[in-house]
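Q: Numbering (the numbering used here), first residue to last: 1172 to 1495.
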Amino acid sequence: MSIFDKTAFLIICISLLVTTVLLLIRIFQIKKRHYKLFKFLHNYLNSIISARYGNLNAKIEEGEDILTKQLSKNTNALFESITDRDKMIQEYIEKEKERQNLKQDFISGFAHDLKVPIIAQDNTYDLLLNENFGKLTDKQKTAIQNLKISNNDLKELVLNLLDVQKYENDALCLNKESVELNQLINEIIEQDKSIFTIQNKNIIFNSNNSEVFYNLDKFLFKRVLNNLISNSITHSKDSKNIEINLTQNKDNIKISVKDEGKGIDETDINNIFEKYYTASKKYTNTSTGLGLYISNKIITSHKGKITAKNNESKGATFTITLPL
């Protein structure tokens, strides 16, 4: 091989070596960039997952090129914005809780202060009707009976306000005992006989069993039945009959109160047991919209349910279902 050939061969080898080295350097640089991008995306994904589960304090490491730097900067700014908004919401919630607590304390104290004179007034009406202070004429008795009805409505309103506080503070306790429901309903009818007479209402009670026992809070359950009966009386002014039905089967016990009044608007029937629901004022004997709300809470606490529906002819029926 001549010197020229050797020189040419050496030049070719050097060129190939340089090209190979440059190519390896380029490949290494590309791999390095790809590795950095992969590492950035991996850390970015971990931060996003962490933020998804509530950790907004983790910062995304800044990238090395313009695009990843901008992405990390904007994402960190978004996390900070969400954190600031969350703090504002929490502060608002705390202030709202404080405001609600003050409101509830005022209502509770006010209701307690009203309860004592209302009960005293009710007892005075009973003494007058029993003629403890002297003989009364029929007109005087009727007037006092009407006052007693109004006072009972006021007493029911105050008791509802107190019960709302108990339910919202989870403080309402059930004093359960075995109660014979036929006897309980007859007691209520007997106690309210004077009201039925004044309102010219005929109460019809039907039962498919002579003895129906259930473990319940007698005082609270009487309040539910009294509320349903009172509502039926108030909203069936043009009809006379109010029907109470007690049925028992192998699965449950049902008590229904049926009237022949104006019924319930279908748009309201699904919301009638909600607290302070506006339309419910049409179907409660007080103006607060609490009677049916409290009744529903009492029945729910007994693991039962209370429903309302319109009758095929006219009026509405409220049904209490208690599981066996």
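Heads up, the beta-carbon is just placed ideally off N, CA and C, and yes, glycines get one too.
So which of S1243, T1239, L1238 and K1230 has the shortest CA-CA distance to T1254?
A: Nearest of S1243, T1239, L1238 and K1230 to T1254, Cα basis: K1230.
Q: Of the choices E1445, L1461, H1473 and S1427, whose alpha-carbon is the least far from that of K1480?
A: If we check each option's Cα against that of K1480, S1427 comes out closest.
Q: What does a CB cutoff of less than 6 Å around N1386 pick up in its chain, not counting 5 residues either side in sequence?
A: Excluding sequence neighbours, N1386 sits near K1347 and S1349.
Q: So, helix, strand or coil for V1287, using DSSP?
A: Reduced to three states, the DSSP call for V1287 is helix.
Q: Would you call the CB atoms of I1359 and V1329 closer than 8 Å?
A: No; because the gap between Cβ atoms is not below 8 Å, this pair is not in contact.
Q: What's the C-alpha gap between K1429 and I1477?
A: Computed Cα separation, rounded: 13 Å.
Q: Put V1395 into one of helix, strand or coil per three-state DSSP.
A: Three-state DSSP puts V1395 in a helix.
Q: Give the secondary structure of V1383 by DSSP, where H, G and I count as helix, E and B as strand, and everything else as coil.
A: If DSSP states are grouped into helix, strand and coil, V1383 belongs with coil.
Q: Grab me the residues of N1482's own chain with a C-beta within less than 8 Å of its C-beta, minus the 5 sequence neighbours each way, in chain order.
A: Counting only Cβ-Cβ distances below 8 Å, and skipping sequence neighbours, we find K1429, E1431, G1434 and T1488.
Q: If you draw a straight line from the C-alpha of K1240 to the C-alpha of N1217, how long is it?
A: Distance between the alpha carbons of K1240 and N1217: 17 Å.
Q: Apart from the five residues just before and just after D1388, which ones in its own chain have a Cβ nearer than 7 Å to its Cβ?
A: Taken in chain order, the residues that qualify are L1345, N1346 and K1347.
Q: My assumption, with CB atoms under 8 Å, is that L1493 sits in contact with I1440. Please give the rounded CB distance.
A: About 21 Å; that fails the 8 Å criterion.
Q: Distance check for F1304 and I1400, CA to CA, integer angstroms please.
A: Approximately 32 Å, taken between the alpha carbons.
Q: With distances taken Cα to Cα, identify the nearest neighbour of A1314 among S1365, V1287 and I1374.
A: Among S1365, V1287 and I1374, the Cα nearest to that of A1314 belongs to S1365.
Q: Provide the residue(s) that pair with L1493 in DSSP beta bridges, ordered along the chain.
A: Bridge partners of L1493: I1424.
Q: Between the Cα of L1333 and those of V1287, N1317, Q1311 and N1353, spot the shortest distance and give me the residue it belongs to.
A: Nearest option by C-alpha distance: V1287.
Q: Taking only the alpha-carbon atoms, compute the straight-line gap between G1486 and F1444 and give it to the nearest angstrom.
A: Taking the straight line joining both Cα atoms gives about 18 Å.
Q: Would you kindly work out how many angstroms separate the C-alpha atoms of F1384 and T1418, rounded to a whole number?
A: Computed Cα separation, rounded: 12 Å.
Q: With 16 other CB atoms within 10 Å as the buried threshold, where does G1225 fall?
A: Exposed: under 16 other Cβ atoms inside 10 Å.
Q: Which value, in whole angstroms, describes the spacing of the CA atoms of N1371 and N1357?
A: Rounded to whole angstroms, N1371 to N1357 spans 18 Å at the Cα level.
Q: Report the rounded CA-to-CA distance for T1295 versus K1319, giving the unit in angstroms.
A: About 9 Å.
Q: Output the distance between the C-alpha atoms of A1450 and L1461, rounded to the nearest integer angstrom.
A: Note on A1450: pLDDT 46, under 50, position unreliable in the model; the coordinate value appears next. Their backbone Cα atoms lie some 12 Å apart in a straight line.
Q: Using a Cβ-Cβ cut-off of 7 Å (strictly less than) and excluding sequence neighbours within five positions of T1246, which residues of its own chain qualify?
A: Correct list, in chain order: I1231.
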